[in-house]
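**Q**
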Amino acid sequence: MNKSIILHILGWILTVEAALMIFPCIVAALYQENSGFAFLITIGICLLAGIPLILKKPKSKLFFSREGIISVALGWLILSIMGSLPFYISGAIPSYVDALFETISGFTTTGASILSDVEALPKCMLFWRCFIIWIGGMGILLFILAIMPMTGGEGMHILRAESPGPSISKLTPRLKTTALTLYIIYFGITLLQCVLLLIGRMPLFDAITLSLSTAGTGGFAIKNSSIADYSVFNQIIIGVFMFLFGVNFNIYYLLLFRKFKLALKSEELRAYILIVISSIVLIALNIGGPAKFFSSLHDAAFQVSSIITTTGFSTVDFNSWPTFSKSILVVIMFIGACAGSTCGSIKVSRIVILFKALGKELSFLMHKRSVKILKFNGAKIEHEVLRSTNVFFVSYIFIFAISVLLVALDNFDFTSSFTAVAATLNNIGPGLEQVGPLGNFSSFSALSKFVMMFDMLAGRLEIFPVLLLFTPGTWKK
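In the numbering used here, the protein residues as written are 41 to 517.
What follows is the structure, given as structure tokens:
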């Protein structure tokens, strides 16, 4: 194992995180808040640990899948540990376990919170909560790939480990250009949303923080009522952009270079749109009936967009909706949006592949001599993709079941325990009952919080990188 390159990458992560903390320092200065000192202290710690690791050049910059996966898993862990220090040092979140939970929730774009009064936080802390969602949405290691000199195509191991989806490919021949292109698209859509919210007369601070939180599909709000107190126009803008950030960023790349036919051929995109529209119509009919269908359409559309993209914003207390509507929300919690987006959960592409595999198996049972080739987006589904999808699904179910059992030790009602795990493993944020849109995760024990922190990291990194940290063979020569 090339440990020197792993330490070198971790040094870059610490240094970049220190640089990113300058932004909340600026916010603290603008609003004349004393909490800014917590960021200055953390910046010092990050630089003290990070710069020596960068200056110590690795003997070789070549590394393989194991090094890439370990770099990603350790990178996200260190990122979260350091990112939680400002909350704890400033006293904004007195418990370090709670501060770490809130930070991991932000970086993994989950949006599950232990805070009962968000508005009590200083502006710089509110900004940091939303900013870490934006950072985690596209992935800080992807950003580092865009600026860090690397040899050959070895950086693909980092890209595969950090990017969500059953298969990852480069958009351009050079990996650095791919990373830079993705970030330009990401920044551009975020900026567009911010401008539209300002046109809707939303305050500047609110527009910036909510755009960051929407882009990362994390759902940290700056008001206790989430999005309910904003105008219908601004709710529509946020709802639309949640949906847009749930689309595979490869589609935006194709649209940017006018490859419209290729973009429209995406099976995943068509399935994603179909699931969203179907869910909206069914929920609107269920909560409003035929007579109030159109009046219910807005709330249904916003919550479906919020839950399927694993953002977690809310305009209403959907915990009070009929059981059928809540069941639909729980189902789309597990489906999630598109691979290659900033969203969590299983992903539409995996669901489509699993259904195709099921159809092939049923066809084989009826026609033993038939040969059926599975295709996705017009191309053959490779055995490696199908195998990894099946293994991912089995691992997902196993982690989910164990997590529910451990969280159930707190002896809360089944719905709260079940949806708390669903909300964290799928990187959604709110669940139902105790962890509904009006609730939070503060009442869970330290054990349950650590279980859910593991789930949030596993969900964001697609399970395998986190599991490999606990595999003895990973650390052998």
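Virtual Cβ for every residue (Gly too), placed ideally from N, Cα, C.
1) Less than 8 Å between the beta carbons of I372 and S319, yes or no?
2) Using a 10 Å radius around the Cβ and a threshold of 16 neighbouring Cβ atoms, would you call L252 buried or exposed?
3) When you compare the CB positions of T150 and G256, do they come within less than 8 Å of one another, or not?
4) Under three-state DSSP, which class holds K366?
5) Report back the beta-carbon spacing between L140 and I121 to the nearest angstrom; my notes put them in contact at under 8 Å.
6) Where do the ends of the alpha helix (DSSP H) carrying W174 lie?
7) With distances taken from CA atoms, which of W116, H48, C65 is nearest L89?
8) Is any heavy atom in the ligand HEM found nearer than 7 Å to the beta carbon of S253?
9) Taking its Cβ as the centre, do 16 or more other Cβ atoms sit within 10 Å of E401, making it buried, or is it exposed?
10) Count Cβ pairs between the segment 330-347 and the segment 296-312 that sit closer than 8 Å; are there 3 or more?
11) Are the CB atoms of V370 and A377 nearer to each other than 8 Å?
12) In whole angstroms, what separates the C-alpha of L238 from that of F167?
13) Taking C-alpha atoms, which residue in K263, S265, I313, M178 lies nearest to T230?
14) For I439 and A331, I'd like the C-alpha separation in whole angstroms.
15) Using a threshold of 8 Å, state whether the C-beta atoms of P477 and S266 are closer than that.
16) Who are the Cβ neighbours of F281 in its own chain at under 6 Å, not counting the five residues just before and after it?
17) Quick one: what's got a C-beta closer than 6 Å to S124's C-beta in the same chain, skipping five residues either side?
18) Taking the beta carbon of E107 as the centre, do at least 16 other beta carbons fall within 10 Å, making it buried, or is it exposed?
19) Do A460 and V447 have their CB atoms nearer than 8 Å?
20) Which same chain residues end up closer than 8 Å to S381 when comparing Cβ atoms and leaving out the 5 residues on each side of it in sequence?
21) With a threshold of 7 Å on Cβ separation, who are the neighbours of G240 within its own chain once the five nearest residues in sequence on each side are excluded?
22) Could you tell me the distance, in whole angstroms, from the CA atom of V444 to the CA atom of S482?
23) In this structure, does DSSP put A132 in helix, strand or coil?
24) Can you give me the C-alpha to C-alpha distance between K97 and F504, rounded to a whole angstrom?
25) Along the chain, where does the alpha helix (DSSP H) that runs through H338 open and close?
26) By alpha-carbon positions, which one of F510, K163, T148, S130 ends up nearest to C383?
27) Pick helix, strand or coil for F79, following the three-state DSSP scheme.
28) How many Å lie between P134 and Y128 at the Cα?
29) May I ask you to report which of helix, strand or coil DSSP gives A419?
30) Could you pull out every unbroken alpha helix (DSSP H) segment of at least 4 residues lying fully inside the segment 241-273, listed in chain order?
31) Does DSSP put S207 in a helix, in a strand, or in coil?
32) Give the range of the alpha helix (DSSP H) segment to which H48 is assigned.
33) Considering only C-alpha positions, which residue in the set V137, L414, G228 is nearest to K489?
**A** Answer, in terms of the structure:
1) The residue given as residue 372 occupies position 332 in the sequence shown. The residue given as residue 319 occupies position 279 in the sequence shown. Yes.
2) Taking the first residue of the sequence shown as position 1, residue 252 is located at position 212. Label assigned to L252: buried.
3) If you number the sequence shown from 1, residue 150 lands on position 110. If you number the sequence shown from 1, residue 256 lands on position 216. No, the Cβ-Cβ distance between T150 and G256 is not below 8 Å.
4) The residue you call residue 366 lines up with position 326 of the sequence shown. Helix.
5) Position 100 of the sequence shown, counted from the start, is the residue given in the question as residue 140. Position 81 of the sequence shown, counted from the start, is the residue given in the question as residue 121. With 8 Å as the limit, L140 and I121 qualify as a contact, their Cβ atoms being about 7 Å apart.
6) Working through the sequence shown from its first residue, we reach residue 174 at position 134. From DSSP, the alpha helix (DSSP H) with W174 extends over 163-178.
7) Mapped onto the sequence shown, residue 89 falls at position 49. For the record, residue 89 in the displayed sequence is Ala; it is not Leu. Of the candidates W116, H48, C65, the one whose C-alpha sits nearest the C-alpha of A89 is H48.
8) As far as ligands go, the structure on display features none, and thus does not contain the ligand HEM.
9) Residue mapping note: residue 401 aligns to position 361 of the sequence shown, counting from 1. Counting Cβ neighbours within 10 Å, E401 comes out exposed, since fewer than 16 surround it.
10) no
11) As a first step, residue 370 must be located in the sequence shown, where it is residue number 330. As a first step, residue 377 must be located in the sequence shown, where it is residue number 337. Contact: no.
12) Position 198 of the sequence shown, counted from the start, is the residue given in the question as residue 238. Position 127 of the sequence shown, counted from the start, is the residue given in the question as residue 167. The alpha-carbon of L238 is positioned some 17 Å away from that of F167.
13) As a first step, residue 230 must be located in the sequence shown, where it is residue number 190. Of the candidates K263, S265, I313, M178, the one whose C-alpha sits nearest the C-alpha of T230 is M178.
14) Counting from 1 along the sequence shown, the entry for residue 439 is found at position 399. Counting from 1 along the sequence shown, the entry for residue 331 is found at position 291. Roughly 43 Å separates the two Cα atoms.
15) By one-based count along the sequence shown, residue 477 stands at place 437. By one-based count along the sequence shown, residue 266 stands at place 226. Yes, Cβ-Cβ distance for P477 and S266 is below 8 Å.
16) The sequence position of residue 281 within the sequence shown is 241, counting from 1. Here the set comprises Q233, T254.
17) Residue 124 sits at position 84 when you count from the first residue of the sequence shown. Counting only Cβ-Cβ distances below 6 Å, and skipping sequence neighbours, we find A139, L140, T143.
18) To locate residue 107, count along the sequence shown from 1; it is residue 67. Under this definition E107 is a buried residue.
19) Within the sequence shown, numbered from 1, the residue matching residue 460 stands at position 420. Within the sequence shown, numbered from 1, the residue matching residue 447 stands at position 407. In contact: A460 and V447 (Cβ atoms closer than 8 Å).
20) Taking the sequence shown and counting its residues from 1, one reaches residue 381 at position 341. Taken in chain order, the residues that qualify are P204, T257, F285, G286, V287, N288, F289, T349.
21) One-based indexing of the sequence shown puts residue 240 at position 200. These residues qualify, in order along the chain: S271, F273, N274, I277.
22) Walking along the sequence shown from the start, residue 444 turns up at place 404. Walking along the sequence shown from the start, residue 482 turns up at place 442. Cα to Cα, V444 sits roughly 17 Å from S482.
23) Locating residue 132 in the sequence shown gives position 92, where the first residue counts as 1. The answer is coil: DSSP assigns A132 none of H, G, I, E or B.
24) On the sequence shown, residue 97 is found 57 positions in, with the first residue counted as 1. On the sequence shown, residue 504 is found 464 positions in, with the first residue counted as 1. Taking the straight line from one Cα to the other gives about 28 Å.
25) The residue labelled residue 338 in the question sits at position 298 within the sequence shown. Looking at the DSSP string, the run of the alpha helix (DSSP H) that includes H338 is 333-348.
26) Here residue 383 is taken as the residue at index 343 of the sequence shown, counted from 1. Considering only alpha carbons, the answer is T148.
27) For the purposes of this step, residue 79 is taken as the residue at position 39 of the sequence shown. The answer is helix: DSSP assigns F79 an H, G or I state.
28) Walking along the sequence shown from the start, residue 134 turns up at place 94. Walking along the sequence shown from the start, residue 128 turns up at place 88. Rounded to whole angstroms, P134 to Y128 spans 6 Å at the Cα level.
29) Taking the first residue of the sequence shown as 1, we reach residue 419 at position 379. A419 falls in the strand class under three-state DSSP.
30) Entirely contained in the segment 241-273, the alpha helix (DSSP H) runs reaching 4 residues are, in chain order, 244-255.
31) To locate residue 207, count along the sequence shown from 1; it is residue 167. Reliability fails at S207, whose pLDDT of 49 lies under 50, so the model's placement of it is uncertain and the value that follows must be treated cautiously. Three-state DSSP puts S207 in coil, outside helix and strand.
32) Looking up residue 48 in the sequence shown gives position 8. H48 -> alpha helix (DSSP H) spans 43-60.
33) Within the sequence shown, numbered from 1, the residue matching residue 489 stands at position 449. Nearest of V137, L414, G228 to K489, Cα basis: V137.
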